[in-house]
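Asks:
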Amino acid sequence: REVPTMGNAADDDALDPHYNRVPSTYHKAWFYDKDSPYERWQLDLLTKAYADSAPKGPARRMADIGGGTGRFAHLLFDRLGLSEPVLCIDPFEKMLEEARTLVGVETLQKDAVTFAKEAAENSFDYMLLKEVVHHVPVDELEEMFRDLHRAARHGAACIIVTRPKDDIDYPFMDKAREVWRANQDAASVYVAAMEKGGFVDCNVAVHGFPVEMPLEAWIDMVRDRMWSTFSEVHFSNAELESGLEEIRTKYPPDSNGNIRFEERLVLIQGLKSESSCLTRFAEGARNLLL
3 REVPTMGNAA DDDALDPHYN RVPSTYHKAW FYDKDSPYER WQLDLLTKAY ADSAPKGPAR
63 RMADIGGGTG RFAHLLFDRL GLSEPVLCID PFEKMLEEAR TLVGVETLQK DAVTFAKEAA
123 ENSFDYMLLK EVVHHVPVDE LEEMFRDLHR AARHGAACII VTRPKDDIDY PFMDKAREVW
183 RANQDAASVY VAAMEKGGFV DCNVAVHGFP VEMPLEAWID MVRDRMWSTF SEVHFSNAEL
243 ESGLEEIRTK YPPDSNGNIR FEERLVLIQG LKSESSCLTR FAEGARNLLL
């Protein structure tokens, strides 16, 4: 997936070296391997989620916020039968270079919070925040979702794809697990922010995918700092190498050199309902009369 992007410019600057370096090895990582069973599984999950909450009438426009290299923007443009290109938003130029080459994708270099604030009203039928929302500061979540709600069309679906805060099965070194927990909020935090922002019928579902891979392939991905969990902000080169030896000790492979774990994705879905639109219209009309 598109490597997570930050919620505001200050945080973007802190991890800028990480996100401008990662694209060179990005699609080599198992999690982002193109046309893999795992990618198809994710695409099926998203297709079903959007189909179950499809807006009335033909869907036209989608915003992929934190869309990185544009891979899922490209896939969803075709899978959802959109009539307009997916807008892939990401603050990092290097991440967007590949996105600009893909069919059905337009790009915009902005962070998530700024995009939401500046987005035009009633612009999108679908919104996607995939592996990015945990980077938005908690105190900015409600305002961001309020802005996204304003930018959504009637009946639009907003879907967050994230991972659990605690219930993860990755073969991490201890420090990486601590970094993960410190930077990942519970699903309830995002649901509350979406609801306060105006989205309704918010629900949460956790999906699991069994993974079997060579231990050394996992080691290589961690060494390549595939996630910001392993970025230079958290691990020096020496600390990372020490952590890799810890992984080898804690997670010995089977006779074929493989390890097994479960990948878990959390899908959080909310809608912009007609009632919320009417309520805001009524409030505006009442204010004009006062």
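Throughout the sequence shown, residue numbering follows the numbering used here, covering 3 to 292 in sequence.
Backbone N, C-alpha and C fix where the C-beta goes; we use that ideal spot for every residue, glycine too.
Counting along the chain, where does the alpha helix (DSSP H) carrying E99 start and finish?
Replies: Taking the sequence shown and counting its residues from 1, the one referred to as residue 99 is at position 97. It spans E95 to A101 - the alpha helix (DSSP H) in which E99 sits, taken as one unbroken run.
Asks: Is the region 213 to 227 touching the region 247 to 258 in the sense that three or more CB pairs, one from each, lie closer than 8 Å?
Replies: These segments touch.
Asks: Could you please give the first and the last residue of the uninterrupted beta strand (DSSP E) stretch that includes T164?
Replies: Within the sequence shown, residue 164 is the residue found at index 162, counting from 1. Start and end: A154 to T164.
Asks: Within 10 Å of its beta-carbon, does P60 have 16 or more other beta-carbons around it, so buried, or fewer, so exposed?
Replies: Taking the sequence shown and counting its residues from 1, the one referred to as residue 60 is at position 58. P60 comes out exposed.
Asks: Assuming V193 and C204 make a contact with CB atoms under 8 Å, what is their CB distance in whole Å?
Replies: As a working mapping, residue 193 is identified with position 191 in the sequence shown. As a working mapping, residue 204 is identified with position 202 in the sequence shown. Right, the Cβ-Cβ distance comes to about 5 Å (below 8 Å), so this counts as a contact.
Asks: Go ahead and label R2 buried or exposed: buried means 16 or more other beta carbons lie within 10 angstroms of its beta carbon, across all protein chains shown.
Replies: Past the boundaries of the shown model lies residue 2; the chain is included only from 3 to 292, so the question cannot be answered.
Asks: Distance, Cα to Cα, K119 vs Y40?
Replies: For the purposes of this step, residue 119 is taken as the residue at position 117 of the sequence shown. For the purposes of this step, residue 40 is taken as the residue at position 38 of the sequence shown. Each residue's alpha carbon lies about 33 Å from the other.
Asks: Would the beta-carbon of I261 fall within 8 Å of that of P173?
Replies: Reading the sequence shown from its first residue, position 259 is the one you call residue 261. Reading the sequence shown from its first residue, position 171 is the one you call residue 173. Closer than 8 Å, so yes.
Asks: Please name the residue in M223, D35 and L150 whose C-alpha comes closest to that of G272.
Replies: Along the sequence shown, one-based indexing puts residue 272 at 270. Nearest option by C-alpha distance: L150.
Asks: Within 10 angstroms of the Cβ of K50, are there 16 or more other Cβ atoms? Answer buried if so, exposed if not.
Replies: Sequence index remark: in the sequence shown, residue 50 carries index 48 (1-based). The residue in question, K50, is exposed, as its Cβ has fewer than 16 Cβ neighbours within 10 Å.
Asks: Compare the C-beta of P255 against all C-beta atoms of chain C and say whether one is closer than 8 Å.
Replies: Given the protein chain composition of this structure (a single chain), no chain C is represented.
Asks: Residue range of the alpha helix (DSSP H) that M196 falls in?
Replies: Position 194 of the sequence shown holds residue 196. A189 to G199 is the span of the alpha helix (DSSP H), which, as asked, contains M196.
Asks: Identify the continuous alpha helix (DSSP H) that holds K252 and give its terminal residues.
Replies: Reading the sequence shown from its first residue, position 250 is the one you call residue 252. Unbroken alpha helix (DSSP H) run through K252: N239 to K252.
Asks: What's the C-alpha gap between F31 and W229?
Replies: For this step, residue 31 is matched to residue 29 along the sequence shown. For this step, residue 229 is matched to residue 227 along the sequence shown. Sequence check: residue 31 is Ala here, not Phe. Looking at the two C-alpha atoms, the distance is approximately 10 Å.
Asks: Under 6 Å Cβ to Cβ from Y253, same chain only, skipping five residues before and after it: list those, please.
Replies: Working through the sequence shown from its first residue, we reach residue 253 at position 251. Excluding positions up to five away in sequence, the list reads P173 and I261.
Asks: Got a sec? Which residues, its chain only, sit under 6 Å from A207 by beta carbon, not counting five neighbours each side?
Replies: Locating residue 207 in the sequence shown gives position 205, where the first residue counts as 1. Within the same chain, A207 has close Cβ partners L269.
Asks: What's the gap between the Cα of D127 and the Cα of R73?
Replies: Looking up residue 127 in the sequence shown gives position 125. Looking up residue 73 in the sequence shown gives position 71. Rounded to whole angstroms, D127 to R73 spans 19 Å at the Cα level.
Asks: Quick check: P87 and F94, are their CB atoms within less than 8 Å of each other?
Replies: As a working note, residue 87 is residue 85 in the sequence shown. As a working note, residue 94 is residue 92 in the sequence shown. No; because the gap between Cβ atoms is not below 8 Å, this pair is not in contact.
Asks: Using 8 Å for Cβ pairs, my map puts W43 next to F211. What's the rounded Cβ distance?
Replies: Taking the sequence shown and counting its residues from 1, one reaches residue 43 at position 41. Taking the sequence shown and counting its residues from 1, one reaches residue 211 at position 209. Right, the Cβ-Cβ distance comes to about 6 Å (below 8 Å), so this counts as a contact.
Asks: Between G245 and Y52, what straight-line distance do the alpha-carbon atoms span, to the nearest angstrom?
Replies: As a first step, residue 245 is located in the sequence shown; it is residue number 243 there, counting from the start. As a first step, residue 52 is located in the sequence shown; it is residue number 50 there, counting from the start. Distance between the alpha carbons of G245 and Y52: 39 Å.
Asks: Since L242 and R266 are thought to touch, with beta carbons under 8 Å apart, how far apart are those beta carbons, to the nearest angstrom?
Replies: One-based indexing of the sequence shown puts residue 242 at position 240. One-based indexing of the sequence shown puts residue 266 at position 264. Actually they do not touch by this definition, with Cβ atoms about 24 Å apart.
Asks: Which complete beta strand (DSSP E) runs does the region 53 to 94 hold, if anything under 3 residues is left out?
Replies: Complete beta strand (DSSP E) runs here, min 3: 64 to 67 and 88 to 91.
Asks: Work out the CA separation of S275 and L45 for me, nearest whole Å.
Replies: Counting from 1 along the sequence shown, the entry for residue 45 is found at position 43. Counting from 1 along the sequence shown, the entry for residue 275 is found at position 273. Straight-line Cα distance between these residues: approximately 25 Å.
Asks: If you reduce the DSSP assignment to three classes, tell me which class N205 lands in.
Replies: Stepping through the sequence shown from its first residue, residue 205 is reached at position 203. Strand, per DSSP.
Asks: So A195 and F147 are in contact, right, with Cβ under 8 Å, and what is the actual spacing, rounded?
Replies: As a first step, residue 195 must be located in the sequence shown, where it is residue number 193. As a first step, residue 147 must be located in the sequence shown, where it is residue number 145. Contact flag correct, Cβ pair sits at about 5 Å.
Asks: Do H136 and V105 have their C-beta atoms closer together than 8 Å?
Replies: Counting from one through the sequence shown, the residue named residue 136 turns up at place 134. Counting from one through the sequence shown, the residue named residue 105 turns up at place 103. Cβ distance not < 8 Å, so H136 and V105 don't count as in contact.
Asks: According to DSSP, L150 sits in a beta bridge with which residue or residues?
Replies: The sequence position of residue 150 within the sequence shown is 148, counting from 1. Paired residues: none, contrary to the question.
Asks: Return the first residue and the last residue of the alpha helix (DSSP H) that D176 is part of.
Replies: Indexing the sequence shown from 1 puts residue 176 at position 174. Taken as a continuous stretch (DSSP letters only), the alpha helix (DSSP H) holding D176 covers D176 to N185.
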